[in-house]
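Colleague: Numbering (my numbering), first residue to last: 43 to 392. Ideal Cβ placement from N, Cα and C applies to all residues, glycine included. Quick one: structure below, then a few questions.
Okay, structure coming up:
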């Protein structure tokens, strides 16, 4: 088995699958790029290849030589953005007749690599399966294996996150989180959210969480010579000391413990919903354009599933802080790596 991953999302799906595959005795080789490199290091897994943890790597391979050397029976790819090895590995495997498994970590993932022909798609829930079916056609098997963003029953946020949140609550009654994403839509979402929070009463604070692949980029896309992180931090200045930093753990861990999660397209919206936390989709024209471009969708999945309210114009956010129902929470299930391995084995035996 050859596993190719790059970003936080695809690595959080593929790493547990790779680890479970090793546990049951399969030979697994991993090509790790970008921020995904750190996840394998933390898990004590040594990939066959790692690129420097650059958010936009440019590595390439002679795939004929690599496939001859590794002789994989199946290639697993995710759907990071921007893409690199996942895309080229999928196409190269197609040319060699090696089965390709696409592993989605977000709704509409396969739409990012429509040129690749899949033997199996593993996805996160029923809605994602419906979307994938429209993309890959009626013959490709699609199986639901759960979502990495959904905490299992025995999972708890790390002590560093819990203690950090506890300390913040000594000053504030409510802790809100903003989860950023792409360059243009995050900028527009922050503008809308800041203006709305200025109209929101209560003793609350906001913890901003930016996408690691984007925040360090120079903001040339909006005509600015600063990094996007610098631009976004300046946009938050009107909120004063209500903006609090907590640079530990990840957005999923914070979403489990917050009092309100705000984002446009962030996968941690699912974590918040599954944890019973009020979740708000910050919806701007730029958000809609990004959703259509990246996933070919017209509706934010968290809204479609009924778990998130919508903030689309400036106003007090308090009426939107509604906890999702138990029925909505139960639509979202945690990743089951053993099920993923079973589906892959069944596909190869078919």
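1) Taking 8 Å as the limit between beta carbons, can you name the residues of its chain near residue 281, skipping five residues before and five after?
2) Rounded to the nearest angstrom, what separates residue 130 and residue 288 at their Cα positions?
3) Keeping to the same chain, check which residues put their C-beta closer than 7 Å to that of residue 338; ignore five residues upstream and five downstream.
4) Enumerated in chain order, which unbroken segments of the alpha helix (DSSP H) with a length of 4 residues or greater are wholly contained in the region 286 to 343?
5) Is the distance from the Cβ of residue 147 to the Cβ of residue 190 below 9 Å?
6) By the DSSP assignment, the beta strand (DSSP E) with residue 71 in it spans what residues?
7) Would you check if the distance between the CB atom of residue 324 and the CB atom of residue 220 is smaller than 9 Å?
8) Can the beta-carbon of residue 158 be found less than 9 Å from the beta-carbon of residue 142?
9) Nearest to residue 315 by alpha carbon, out of 50, 62, 89 and 343?
10) Can you tell me which of 322, 49 and 258 puts its alpha carbon nearest to the alpha carbon of residue 357?
11) Excluding sequence positions up to five away, which residues of its chain have a Cβ less than 7 Å from the Cβ of residue 269?
12) Do residue 326 and residue 308 have their C-beta atoms within less than 9 Å of each other?
13) Going by alpha carbons, who is nearest to residue 75 out of 43, 69 and 255?
14) Could you tell me the distance, in whole angstroms, from the CA atom of residue 203 to the CA atom of residue 296?
15) Using a threshold of 9 Å, state whether the C-beta atoms of residue 193 and residue 313 are closer than that.
16) Under three-state DSSP, which class holds residue 181?
17) Going by beta carbon distance, what residues of the same chain come within less than 7 Å of residue 298, once the five residues before and after it are set aside?
18) With burial defined as no fewer than 16 other Cβ atoms inside 10 Å of the residue's Cβ, what is the status of residue 368: buried or exposed?
19) Is the separation between the beta-carbon of residue 54 and that of residue 377 shorter than 9 Å?
20) Can you check whether the CB of residue 302 is closer than 9 Å to the CB of residue 246?
21) For residue 336, does the count of other Cβ atoms within 10 angstroms reach 16, so buried, or fall short, so exposed?
22) Does DSSP classify residue 238 as helix, strand or coil?
23) Between residue 244 and the rest of its own chain, which residues show a CB-CB distance below 8 Å, the 5 nearest in sequence each way excluded?
24) Under 9 Å between the Cβ atoms of residue 439 and residue 103?
25) Check residue 109 in the structure and name its three-state DSSP category.
26) Out of curiosity, what's the CA-to-CA distance linking residue 78 and residue 362?
27) Rounding to the nearest angstrom, what Cα-Cα distance links residue 228 and residue 388 in this structure?
28) Under the rule that 16 or more other beta-carbon atoms within 10 Å means buried, what is residue 52, buried or exposed?
29) Have a look at residue 197 and residue 294 and give me their C-alpha separation to the nearest angstrom.
30) Extract the residue ranges of the beta strand (DSSP E) inside the region 144 to 194, only unbroken runs of 3 or more that lie entirely within it.
31) How big is the Cα-Cα spacing for residue 114 and residue 175?
32) Please report the residue range of the alpha helix (DSSP H) in which residue 216 lies.
33) Between which two residues does the alpha helix (DSSP H) harbouring residue 384 extend?
34) Quick one: Cα of residue 60 to Cα of residue 311, how far?
35) Can you tell me the Cα-Cα spacing of residue 226 and residue 340, whole angstroms?
36) Report the residue from 201, 122, 218 and 285 whose alpha carbon sits nearest the alpha carbon of residue 291.
Modeller: Let me lay it out:
1) 236, 239, 240 and 248
2) 37 Å
3) 150 and 153
4) 293 to 297, 310 to 316 and 327 to 337
5) yes
6) 71 to 74
7) yes
8) yes
9) 343
10) 322
11) 257, 258, 259, 260 and 261
12) no
13) 255
14) 7 Å
15) yes
16) coil
17) 193, 199, 313 and 317
18) exposed
19) yes
20) yes
21) buried
22) helix
23) 215, 216 and 360
24) The structure shown does not extend to residue 439, since the chain is modelled only from 43 through 392, so no value can be given for it.
25) helix
26) 34 Å
27) 41 Å
28) buried
29) 11 Å
30) 162 to 165 and 184 to 186
31) 26 Å
32) Element bounds for residue 216: not the alpha helix (DSSP H) but the beta strand (DSSP E), 216 to 221.
33) 379 to 391
34) 25 Å
35) 17 Å
36) 201
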